[in-house]
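S.K.: Just passing along the structure, written as structure tokens.
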Amino acid sequence: MTAPDAPARRVALVTGAARGIGAAIAGRLARDGHDVVVLDLDADACAATIATVHACGRQALALAADVSDERSVAMAIEAATAALGAPTILVNNAGVLRDRTVAKMSLDDWETVMAVNLRGAFLLSRAVQPGMRDAKWGRIVNLSSTAALGAFGEANYAAAKAGIQGFTRSLALELGRYGITVNAVAPGFVATDMTRAVAERNGMTFAAMEQEMLKSIVVGRVGAPDDIANAVAFFTDARSDFVTGQTLYVAGAPRG
Ligand code: NAP
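Every number in our numbering is 47 more than the matching position in the sequence shown, counting from 1.
Below you can see the structure in the form of structure tokens.
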């Protein structure tokens with residue numbers, strides 16, 4: 048029998064969970080007692096995350112899907128529901144960069160970043176709603192970024208991540224009555240493949256980039272994926288049901 052104050056087992060779906068922050072979130076949600084759907088572009092790339100979830104004694108499912116594609120998202124939710132049950136925790140984590148100044152930015156750079164970071168969150172949040180409403184319980188957490196406050200050479204990404212915050216607040220208004228909370232986490236600089244690629248594109252070593260970033264991080268270290276997973280876990284906790292429509296900056300310094 049479940050102890051009275053033990054958290055209920057839920058099915059969580061994390062997008063972009065093959066690596067980086069998404070993988071850490073999937074692991075944390077498994078440690079918190081949930082089964083996890085690990086969604087990414089390539090199902091084989093999800094193997095390590097799946098192993099982490101299994102090591103926590105939870106069920107896991109790897110799903111290949113493109114979050115920016117309506118049909119792909121619909122098929123993923125159908126497959127997840129058939130295998131593990133309707134997801135009642137959704138973490139919209141998948142994201143991409145196409146950094147250029149606006150003068151040099153192609154329409155494709157703009158559209159790709161909007162499609163993955165913003166449209167993806169819309170498509171997934173819409174697709175999980177029937178299951179969450181049936182359960183009269185849900186947690187949606189969207190990944191924003193400190194870039195939402197303005198970032199040189201990232202106008203597309205900044206617009207998408209600022210858009211995430213407006214989307215989060217609006218969806219929170221729509222879903223509160225169904226027991227569904229919607230919040231956002233806005234990371235600062237976190238060491239992942241994404242930031243390693245930025246360093247490489249800028250012709251810097253990762254260590255040099257970290258030193259540069261540390262100038263504006265007051266806690267004296269750069270972020271780790273688990274720092275972000277911890278914030279997501281706060282929002283997904285059953286006891287956080289009075290917290291909705293918020294964006295939490297997790298950046299090692301005051302932001303926002
Ligand atoms: P990452 O290391 O680049 O991982 C992102 C994952 O998302 C990859 O596995 C990628 O797959 C997947 N993905 C990309 N496009 C997708 C699509 N259309 N459908 C499904 N999956 C897709 O990124 P990260 O650093 O962990 O970042 C995770 C989230 O945090 C993103 O939303 C990012 O914008 C946000 N964030 C990160 C930082 C940071 O400092 N790292 C700061 C602020 C916000 P492929 O490998 O196949 O491309």
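The beta-carbon is built from N, C-alpha and C at its ideal position, and this holds for glycine as well. Since the structure is predicted, the reported quantities are computational estimates derived from the model, not experimental observations.
List the DSSP bridge partners of Ala90.
M.R.: One-based indexing of the sequence shown puts residue 90 at position 43. DSSP, once it has assigned bridges, lists no residue as partnering Ala90.
S.K.: Arg147 and Asp156 - do their beta-carbons sit closer together than 8 Å?
M.R.: Your numbering for residue 156 matches position 109 in the sequence shown. Your numbering for residue 147 matches position 100 in the sequence shown. Yes.
S.K.: Might you give, ordered along the chain, the residues of its own chain that have their beta carbon closer than 8 Å to the beta carbon of Thr239, omitting 5 neighbours on each side?
M.R.: The residue labelled residue 239 in the question sits at position 192 within the sequence shown. Closer than 8 Å at Cβ, skipping near neighbours: Arg66, Gly67, Ile68 and Pro272.
S.K.: Inspect the CB distances between the region 120 to 136 and the region 91 to 103 and report whether three or more fall short of 8 Å.
M.R.: They do not touch, by the three-pair rule.
S.K.: Identify, in the order they occur along the chain, each residue of the same chain with its Cβ nearer than 6 Å to the Cβ of Ala219, setting aside the five sequence neighbours on each side.
M.R.: Here the question's residue 219 lines up with position 172 in the sequence shown. Closer than 6 Å at Cβ, skipping near neighbours: Val229, Thr291 and Gly292.
S.K.: With DSSP as the reference, please indicate the residues paired to Val83 in a beta bridge.
M.R.: Locating residue 83 in the sequence shown gives position 36, where the first residue counts as 1. Beta-bridge pairing links Val83 to Ala59 and Ala107.
S.K.: First and last residue of the beta strand (DSSP E) that includes Arg342?
M.R.: Residue 342 is absent from the model: the chain starts at 48 and stops at 303.
S.K.: Give the secondary structure of Pro272 by DSSP, where H, G and I count as helix, E and B as strand, and everything else as coil.
M.R.: Walking along the sequence shown from the start, residue 272 turns up at place 225. Correct three-state label for Pro272: helix.
S.K.: Does the beta-carbon of Asn304 have 16 or more other beta-carbons within 10 angstroms, so that it is buried, or is it exposed?
M.R.: The displayed coordinates of the chain run from 48 to 303. Any statement about residue 304 would go beyond what the structure contains.
S.K.: Is Leu88 near the ligand NAP, judged by its Cβ being under 7 Å from some heavy atom?
M.R.: Here residue 88 refers to the residue found at position 41 when the sequence shown is read from its first residue. The answer is yes for Leu88.
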